[in-house]
Every structure is written in structure tokens, then in C-alpha cells.
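The structure appears below as C-alpha cells.
Protein chains: 2
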Amino acid sequence: MTELLSPSVRETLFEPLYATGWTYDAETDVLQKDFTFQDFTEAFAFMTRAAMWAEKWDHHPDWSNCYNRVTVALTTHDMGGVTSLDAKLARKMDQLLT
Amino acid sequence: MTELLSPSVRETLFEPLYATGWTYDAETDVLQKDFTFQDFTEAFAFMTRAAMWAEKWDHHPDWSNCYNRVTVALTTHDMGGVTSLDAKLARKMDQLLT
Chain A
1 MTELLSPSVR ETLFEPLYAT GWTYDAETDV LQKDFTFQDF TEAFAFMTRA AMWAEKWDHH
61 PDWSNCYNRV TVALTTHDMG GVTSLDAKLA RKMDQLLT
Chain B
101 MTELLSPSVR ETLFEPLYAT GWTYDAETDV LQKDFTFQDF TEAFAFMTRA AMWAEKWDHH
161 PDWSNCYNRV TVALTTHDMG GVTSLDAKLA RKMDQLLT
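Below is the structure:
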């Protein structure tokens with residue numbers, strides 16, 4: 001079952017993500033990252049691939065796109081804060097870059 | 101050639117768009133609309149179709165998506181304000197809904 005993360009579990013789970021550029025905003029309880037691509041096509045291709053996983057896992061990002069940039073904010077709305085699902089989707093998004 | 105719109109031309113061009121829910125923000129010089137869909141899949145399908153036209157016309161929206169909602173902001177960054185390209189892309193986005 002998905003549950004809100006305790007601060008210690010959260011930090012353990014998020015630490016590898018901080019290394020790839022994710023940041024955690026305690027005030028909004030959101031995990032976020034700005035991705036920059038070569039151009040719009042690359043940025044939207046990334047979004048399309050990520051969208052498949054989001055739908056598959058029924059866990060969707062709040063995200064915006066401006067030309068070659070994609071800004072992602074992850075939180076688990078149903079739970080009112082970050083959960084392991086957010087870490088899972090963040091890891092997947094990083095994997096999609098490689 | 102694409103050029104900034106005079107207020108009168110802008111209003112003529114944007115008036116039919118206002119009727120479908122677009123609004124023009126004079127302060128930011130941006131044409132914007134919130135689209136709501138049945139679910140994430142429908143919202144992202146719309147974005148994918150719109151992305152093809154944006155790339156084809158080399159005119160890209162600033163947009164964000166949160167589950168079934170897509171918020172679009174159109175302006176012509178190169179020109180520093182709205183142009184006929186923004187009206188053209190807005191019309192196309194409306195057409196994609198039908």
C-alpha cells in the first residue's frame with residue numbers, strides 16, 4: 001500500500017535522486033526537477049515516454065513544457081504528500097534519459 | 101512575415117477565440133486557455149496532436165498538464181508578444197477537440 005513517507009524513509013529514498021538533480025520542497029511536499037533537452041522534439045519525446053509509465057502506474061506528474069524544457073513536480077495527491085510512487089516515477093524519468 | 105499585432109487587429113483575430121474560452125492577458129501579452137478532458141490519456145493525446153502542429157509550424161506553446169487538465173499559454177517569444185501565429189495555433193488546438 002502506498003503511504004506517506006516518514007522524513008527518514010523519504011531522505012533514504014530521495015538521496016539517489018538528489019544526485020541526478022531532483023529537489024524536494026518540504027513546504028509543498030513535492031519532488032521536482034527541470035529537464036533540458038536539445039529541442040522541442042526531444043523534450044516532447046521524453047514526455048511521451050514518461051506519460052506511458054505514468055498511465056501504466058496510474059500515477060501522473062504535474063508538469064510543464066516550454067520549448068526544450070520540461071519541469072516536473074511529483075506528489076501523491078490522493079495521500080496529500082510524497083510517497084514511494086513519486087520516487088519510482090522520478091527514477092523512471094531519469095532512466096528514460098539514458 | 102510574422103509581426104506583433106496592433107490592438108485592433110488583435111481583437112479582430114482573437115474575438116472568435118474568446119468565444120471558445122481563450123483569454124488574452126494584456127499584462128503578459130499572452131493568449132491562454134485551460135482545457136479539461138476526461139482523463140490523463142485524453143489530455144495527453146490532445147497534447148501529442150497539438151505538438152505535431154507546433155513542431156510543423158515551428159511555433160511552440162508554453163503549457164502545463166495536471167492529470168486531465170492542460171493549460172496553454174501562447175505568445176511569440178521571438179517577437180516579444182502575440183502574433184497571428186498564436187491565433188493560428190489556438191484555432192488548431194480548438195479544431196483538435198472536435
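Just so you know, the protein sequences line up as chains A and B, in that order. Here my numbering is used: the first residue of the first sequence is 1, the next is one more, and so on. Here my numbering is used: the first residue of the second sequence is 101, the next is one more, and so on. Backbone N, C-alpha and C fix where the C-beta goes; we use that ideal spot for every residue, glycine too.
Nonlocal neighbours in the same chain, by C-beta distance under 6 Å from residue i, ignoring five residues either side
i: Phe114(B); result: Tyr124
i: Thr120(B); result: Asp194
i: Asp34(A); result: Thr71
i: Trp22(A); result: Leu31, Lys33 and Ala90
i: Lys192(B); result: Trp153
Cβ-Cβ distance between residue i and residue j below 8 Å
i: Arg169(B); j: Thr128(B); result: no
i: Asn189(B); j: Ala154(B); result: Residue 189(B) is actually Leu in this sequence, not Asn. The answer is yes: Cβ separation under 8 Å.
i: His160(B); j: Phe46(A); result: no
i: Ala87(A); j: Leu4(A); result: no
i: Gln32(A); j: Val72(A); result: yes
i: Trp163(B); j: Asn65(A); result: yes
i: Val109(B); j: Leu174(B); result: no
i: Ala51(A); j: Phe144(B); result: yes
Amino acids of chain B, ordered along the chain, whose beta-carbon sits closer than 7 Å to that of residue i
i: Tyr18(A); result: Chain B residues near Tyr18(A): none, gap ~24 Å exceeds 7 Å.
i: Glu55(A); result: Phe140 and Thr141
Sequence-distant residues of its chain with Cβ nearer than 7 Å to residue i (five each side left out)
i: Thr2(A); result: Thr76, Met79, Thr83, Ser84 and Leu85
i: Arg49(A); result: Leu96
i: Gln38(A); result: Asn68
i: Thr12(A); result: none
i: Pro7(A); result: none
Proximal residues of chain A, C-beta to C-beta of residue i below 7 Å
i: Thr136(B); result: In chain order: nothing, as chain A lies at least about 15 Å away.
i: Tyr124(B); result: Residues of chain A passing the Cβ test: none, with the nearest at roughly 19 Å.
i: Thr148(B); result: Thr48
i: Phe144(B); result: Ala51
DSSP beta-bridge partners of residue i
i: Gly54(B); result: Here chain B has residues from 101 to 198 only, and residue 54(B) is not among them.
i: Arg69(A); result: Thr36(A) and Cys66(A)
i: Leu174(B); result: Leu131(B)
Contacts that residue i makes with chain B (C-beta to C-beta distance below 9 Å)
i: Asp62(A); result: Ser164, Asn165, Cys166 and Tyr167
CB contact check: residue i to chain D, cutoff 8 Å
i: Tyr118(B); result: Reference to chain D is not applicable here, since the protein chains of this structure are A and B.
Curious, which full-length alpha helix (DSSP H) runs of at least 4 residues does the region 22 to 57 of chain A contain? 40 to 56
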